[in-house]
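Peer 1:
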Amino acid sequence: MQPVLADVYAAAHVIRGLADGTPLVPSPFMSALAGMDFLLKLENMQPIGAFKLRGALNAVAGVKGATGVTCCSTGNHGRGVAYAARARGMRAVICMSELVPQAKVDGIRALGAEVRIVGQSQDHAQAEAERLVCDEGLTEISPFDDPLVIAGQGTIGLEMLAARPDLDTLLVPLSGGGLAAGVAMAAKAIKPGIRVIGITMDRGAAMHESIRAGKPVEVEERPSLADSLGGGIGMQNRLSFPMCRDLLDDILLVSEEEIYHAMQVLYYEDRIVAEGACVVGLAAVLTGKVRLSGPTATIVTGRNLDMDMFTRVITGQDVRLGDKVIAGVKYGA
Ligand SMILES: *Cc1c(COP(=O)(O)O)cnc(C)c1O
């Protein structure tokens, strides 16, 4: 069942005091450039450094009588599930492959979760999570295709419209679509005329390709500055695909060079350290890909970035992403 506005209000109650109330602040530089108010919802200030804590807390709270939870995300969802489970006194087992960097393993362990390292790929880690569900009775929590996760992410929409009822457009970073589905559903239920636009990188835009094809499709995953936006939407997607298809007014794509520049803008103009995934909304405005028609907000979704990569970007050096090289450009040059 697709979640509705009442589920988002229920989620807001669940996460109160734990993951709510992040600031919505104006960006003077972006506002001047756009000629209207441009606001940033600072989810990078969440305790785990990303918005995924909202959905994870709501989903973990919904697990009744199970012996614990599991997932196979090594990124922000894994952190969210680990943190949420500890907050609820529940066991969490995060499955990952042998290829995952030690820093990520340590980060998840520091949040109190058990880490299970299996095999040479994400598929092996996924198989282990499924085994834990069958053999040990754990509940697997999807990063985006879960009604409680979507409702949890939707609380961002509630908070933005409570702070600024005059918002005209929301620019939402898009990957598996749990964030965009929840925010669009909540925002449109409260303010039907609001525009919600999903933005993602042009390398491996799984939701965009799936909506064009009319069904979930697989895309080749390639390294990106917006690494949190990588990955597929799941061939068995039940919720985030139809919700994004039906609720988003548009989906826009930005290039790695455009993300690189937007990371510099957010850092130098607003002094914010954030992942590449966060700046796709800024990039769409900076490149003129989106025409703004009133007060606009985007979500600074997380801060869990590779500091070596980030340093290269803000100092204007070349960045290598697999077989692709982004030529360095100094900010303001
Ligand atoms: C997960 C994530 C997204 C995208 O959210 P989806 O629900 O998968 O679309 C964007 N930014 C960051 C930092 C994330 O961790």
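Each residue of the sequence shown is one higher than the one before, starting from -4 at the first, in our numbering.
Ideal placement from N, C-alpha and C gives every residue a C-beta, glycine not left out.
Curious, which full-length alpha helix (DSSP H) runs of at least 4 residues does the segment 157 to 185 contain?
Peer 2: Runs found: 173 to 185.
Peer 1: Considering only residues of the same chain and omitting the five flanking positions on each side of VAL64, which have a CB-CB separation below 7 Å?
Peer 2: By one-based count along the sequence shown, residue 64 stands at place 69. These residues qualify, in order along the chain: VAL55, VAL58, VAL76, ALA80, MET85, ALA87, LEU133, THR134 and ILE136.
Peer 1: Roughly how many angstroms separate the alpha carbons of ASN232 and TYR255, rounded to a whole number?
Peer 2: Locating residue 232 in the sequence shown gives position 237, counting from the first residue. Locating residue 255 in the sequence shown gives position 260, counting from the first residue. Distance between the alpha carbons of ASN232 and TYR255: 31 Å.
Peer 1: Below 8 Å, how does it come out for the segment 155 to 170 and the segment 215 to 233: are there three or more Cβ pairs, yes or no?
Peer 2: Enough Cβ pairs lie closer than 8 Å, so yes.
Peer 1: Ligand 1 heavy atoms versus the CB of GLY172: any closer than 6 Å?
Peer 2: Walking along the sequence shown from the start, residue 172 turns up at place 177. Because some heavy atom of ligand 1 lies under 6 Å away, the Cβ of GLY172 counts as near it: yes.
Peer 1: Please give me, in chain order, every unbroken run of the beta strand (DSSP E) with length at least 3 that falls completely inside the segment 28 to 74.
Peer 2: Taking only runs of at least 3 residues, the beta strand (DSSP E) segments lying wholly in the segment 28 to 74 are 33 to 37 and 63 to 66.
Peer 1: What I want to know is whether the C-beta of PRO142 ends up closer than 6 Å to one or more non-hydrogen atoms of ligand 1.
Peer 2: Within the sequence shown, the letter at position 147 stands for residue 142. PRO142 Cβ: outside cutoff for every heavy atom of ligand 1.
Peer 1: Pull up the distance between the alpha-carbon of PRO4 and that of GLY297, whole angstroms please.
Peer 2: As a position in the sequence shown, residue 4 is number 9, starting the count at 1. As a position in the sequence shown, residue 297 is number 302, starting the count at 1. For clarity, residue 4 is Tyr in the given sequence; the question names Pro instead. Their backbone Cα atoms lie some 23 Å apart in a straight line.
Peer 1: Does VAL324 come within less than 7 Å of chain B when only Cβ atoms are used?
Peer 2: Judged by its chain identifiers, the structure shown contains no chain B, having just a single protein chain.
Peer 1: Within the present structure, is the beta-carbon of ASN53 separated from the nearest heavy atom of ligand 1 by less than 6 Å?
Peer 2: Walking along the sequence shown from the start, residue 53 turns up at place 58. It does not: the Cβ of ASN53 is nowhere closer than 6 Å to a heavy atom of ligand 1.
Peer 1: Considering THR291, what are the terminal residues of the beta strand (DSSP E) in which it resides?
Peer 2: The residue given as residue 291 occupies position 296 in the sequence shown. Residues 291 to 295.
Peer 1: List the DSSP bridge partners of LYS319.
Peer 2: Against the sequence shown, residue 319 aligns to sequence position 324. In DSSP, LYS319 forms a bridge with LEU316.
Peer 1: Taking 6 Å as the cut-off, is the CB of SER223 close to at least one heavy atom of ligand 1?
Peer 2: Counting from one through the sequence shown, the residue named residue 223 turns up at place 228. For ligand 1, at least one heavy atom lies less than 6 Å from the Cβ of SER223.
Peer 1: Counting Cβ pairs closer than 8 Å, one from the segment 144 to 151 and one from the segment 175 to 182, do we hit at least three?
Peer 2: Cβ pair count under 8 Å is three or more, so yes.
Peer 1: I want to check one thing, is the minimum distance from the CB of PRO96 to the heavy atoms of ligand 1 below 6 Å?
Peer 2: The count along the sequence shown starts at 1 and reaches residue 96 at position 101. No, the Cβ of PRO96 stays beyond 6 Å of every heavy atom of ligand 1.
Peer 1: Are the CB atoms of THR150 and ALA51 nearer to each other than 7 Å?
Peer 2: As a first step, residue 150 must be located in the sequence shown, where it is residue number 155. As a first step, residue 51 must be located in the sequence shown, where it is residue number 56. No, they are not a contact pair.
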